[in-house]
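Reading through the structure tokens given below for one structure.
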Amino acid sequence: MIQLLFLVLVAEASVVAVLLFKTPLRKLAVLGIDRLKRGRRAPVAVKTVAGVVLALLASTLYSMAEISGRATDPDSGSGLTPTDQVLFSRHLLEASLMGYSLFLVLVIDRLHQYIRDLRAFKKNLEAVSKHNKMLEEAKHGISEETKKYQEDIATLNKEMKKLKLQVQEKTEEVHVAEDKALAIQKQSEGLLIEYDRLLEDNQHLRIQLQSIDLKLSSSS
Numbered sequence: 073m074i075q076l077l078f079l080v081l082v083a084e085a086s087v088v089a090v091l092l093f094k095t096p097l098r099k100l101a102v103l104g105i106d107r108l109k110r111g112r113r114a115p116v117a118v119k120t121v122a123g124v125v126l127a128l129l130a131s132t133l134y135s136m137a138e139i140s141g142r143a144t145d146p147d148s149g150s151g152l153t154p155t156d157q158v159l160f161s162r163h164l165l166e167a168s169l170m171g172y173s174l175f176l177v178l179v180i181d182r183l184h185q186y187i188r189d190l191r192a193f194k195k196n197l198e199a200v201s202k203h204n205k206m207l208e209e210a211k212h213g214i215s216e217e218t219k220k221y222q223e224d225i226a227t228l229n230k231e232m233k234k235l236k237l238q239v240q241e242k243t244e245e246v247h248v249a250e251d252k253a254l255a256i257q258k259q260s261e262g263l264l265i266e267y268d269r270l271l272e273d274n275q276h277l278r279i280q281l282q283s284i285d286l287k288l289s290s291s292s
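This is how it looks when you write it as structure tokens:
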């Protein structure tokens with residue numbers, strides 16, 4: 073299961089990286105996410121997957137709580153056994169991966185929404201600019217409606233300023249999301265290193281358990 077979670081985490085991090093940089097792949101990624109969100113069965117599928125992940129996360133946390141409970145139980149002896157330590161480390165890694173996976177899904181959703189909003193604002197700004205230019209050209213040829221055009225231009229200029237401010241705010245939000253995504257990528261690299269270390273610890277604990285079993289077998 074850990075390998076599957078790592079594959080999902082790498083796939084999600086790749087989608088985040090594609091959305092962060094303006095390349096032809098970003099357009100394809102945005103179109104794919106649009107179709108995924110607008111499909112008839114998409115909400116049901118997303119809710120089902122999210123429910124399964126949350127159920128697995130709850131089960132993992134419950135297993136960790138059980139192991140911790142055995143460690144604090146006075147009737148269980150002194151601390152955790154090597155097997156419990158291995159199981160606890162494995163459950164901890166699985167819970168961390170599932171948590172990061174859910175967080176990356178939220179980051180992908182927010183980045184997708186920011187990109188769509190930014191494109192809509194840019195289109196509106198271009199439309200307002202064209203309308204403003206047409207009004208300015210018409211103003212020189214029609215003297216009777218000069219005042220009306222000037223009022224329209226003033227209103228459009230206010231709308232343009234408002235749209236520019238909104239574009240700047242959305243751009244700043246995208247930059248913040250990019251910084252968060254880069255930090256998540258660095259954390260993912262740290263998790264890979266931690267996973268390798270846990271595998272080595274697991275191997276050492278297995279060897280110790282085999283040695284203890286051999287000693288017990290020989291003494292009996």
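No gaps in the numbering here: position 86 of the sequence shown is 158 in this note's numbering, and each next residue is one more.
The beta-carbon is built from N, C-alpha and C at its ideal position, and this holds for glycine as well.
The structure presented is a predicted model; accordingly, all values stated were derived computationally and were not measured.
Note the first and the last residue of the continuous alpha helix (DSSP H) segment covering residue i.
i	result
residue 99	96-110
Kindly give me the distance between the Cβ atoms of residue i and residue j, rounded to whole angstroms, as I take these residues to be in contact under 8 Å.
i	j	result
residue 246	residue 172	With a Cβ gap of about 21 Å, residue 246 and residue 172 do not count as contacting.
residue 170	residue 237	Actually they are not in contact, since the Cβ atoms of residue 170 and residue 237 sit about 39 Å apart, beyond 8 Å.
residue 281	residue 95	Between residue 95 and residue 281 the Cβ distance is about 50 Å, and since that is not below 8 Å, they are no contact.
residue 197	residue 239	7 Å
residue 177	residue 250	At roughly 17 Å, the Cβ-Cβ gap does not stay under 8 Å, so residue 177 and residue 250 are not in contact.
residue 231	residue 200	6 Å
So is residue i buried or exposed if we call it buried at 16+ other beta carbons inside 10 Å?
i	result
residue 193	buried
residue 242	buried
residue 132	buried
residue 158	buried
residue 92	buried
residue 264	exposed
residue 105	buried
residue 166	buried
residue 130	exposed
Among the options, whose alpha-carbon lies nearest the alpha-carbon of residue i?
i	options	result
residue 180	89, 265, 258, 288	89
residue 277	100, 160, 250, 103	160
residue 257	126, 87, 190	87
residue 79	260, 283, 275	260
residue 202	98, 228, 109	228
residue 190	208, 235, 162	235
residue 205	220, 262, 275, 225	225
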